[in-house]
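Working notes, beginning with the structure itself.
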């Protein structure tokens, strides 16, 4: 079965610190997609990034970067020089082709608190 | 472009009452789904639909009904509300069908916060 584990329930950092949010996944699919979503205090879910299983190239977008390692089934998310506005719940999610009928499976989420 | 619209934003029910959470999308997406979000459990899939007239159960379907009479609308019905259904409910939609569906971004509504007393 597909599963996403975000072992860090809550992380607190001081502004300008770097922080990494861990995501480990399980799937039997050979083709699958990984996503990160952000849920700010206002409650909506905001899409951040998508990565397919054939592309292990790391991605950087401003202060955000993502490290996908198929060998360890991990898709970690790093925020460089964190800011108070980064405070949110972050979800990692997985979508497979064959198993689970393309459903999007979410991790439990990591609460990030950035203090000024 | 409104995206995915959910109503109401907040609702309080008494045990045993029924209600319908509304969800509409204007992106002509085939796939729509309902999730509930509970502390420490992430988002769990309740029901989903791959097109008008087609629905199926997700992880936690008990106590909920859905129908999909049009591409745009996907209402979620609570027939007899229970305190265990106190949660935040999200509707979402994705473009595509079949294998293409897996790679497409899922867009979420703003959520409905439901309390059952």
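Protein chains in written order, with this note's numbering: chain C, 14 to 129; chain B, -10 to 106.
Where is the CB? At the ideal position from N, CA and C, for every residue including glycine.
In this text the structure is predicted, and so the values were computed from the model without any measurement.
Beta-carbon neighbours of residue 94/B, restricted to chain C and to distances below 7 Å: Within 7 Å Cβ-Cβ: 60, 63.
What does residue 16/C pair with, by DSSP beta-bridge criteria? Partner(s): 39/C.
Can you tell me whether residue 99/C is buried or exposed, with buried defined as 16 or more other CB within 10 angstroms of its CB? Buried, since its Cβ has 16 or more Cβ neighbours within 10 Å.
Partners in chain C for residue 30/B, counting only beta-carbon separations shorter than 8 Å: Those are 121, listed as they occur along chain C.
Which residue's Cα is closest to the Cα of residue 68/B: 54/B, 44/B, -4/B? Ranking 54/B, 44/B, -4/B by CA distance to the CA of residue 68/B puts 54/B first.
Quick check for students: name the residue ranges of the beta strand (DSSP E) that lie wholly in the region 24 to 93 of chain C, counting only runs of 3 or more. Restricted to the region 24 to 93 of chain C, the beta strand (DSSP E) segments that are unbroken, complete and at least 3 residues in length are 32 to 34, 37 to 39, 45 to 52, 59 to 65, 72 to 74, 77 to 82, 87 to 92, listed in chain order.
Three-state secondary structure (DSSP) of residue 7/B: Residue state, collapsed to three classes: coil.
I'd like to know if the region 30 to 45 of chain C and the region -10 to 8 of chain B are in contact, where contact means that at least 3 CB-CB pairs between them fall below 8 Å. Look at the beta carbons and you see the region 30 to 45 of chain C not touching the region -10 to 8 of chain B: under three pairs across the two are nearer than 8 Å.
Roughly how many angstroms separate the alpha carbons of residue 82/B and residue 70/C, rounded to a whole number? Taking the straight line joining both Cα atoms gives about 28 Å.
Quick check on the DSSP output: what are the complete alpha helix (DSSP H) runs of length 4 or more inside the region -5 to 74 of chain B, in order along the chain? At a cut-off of 4 residues, not a single continuous stretch assigned as alpha helix (DSSP H) sits fully inside the region -5 to 74 of chain B.
Short of 8 Å Cβ to Cβ, which residues in the region 40 to 58 of chain B face chain C? Residues of the region 40 to 58 of chain B that bring their beta carbon within less than 8 Å of a beta carbon in chain C comprise 45, 47, in sequence order.
With the cut-off set at 9 Å, would you say residue 125/C and residue 48/C are in Cβ contact? Against a cut-off of 9 Å, the Cβ pair of residue 48/C and residue 125/C comes out as no contact.
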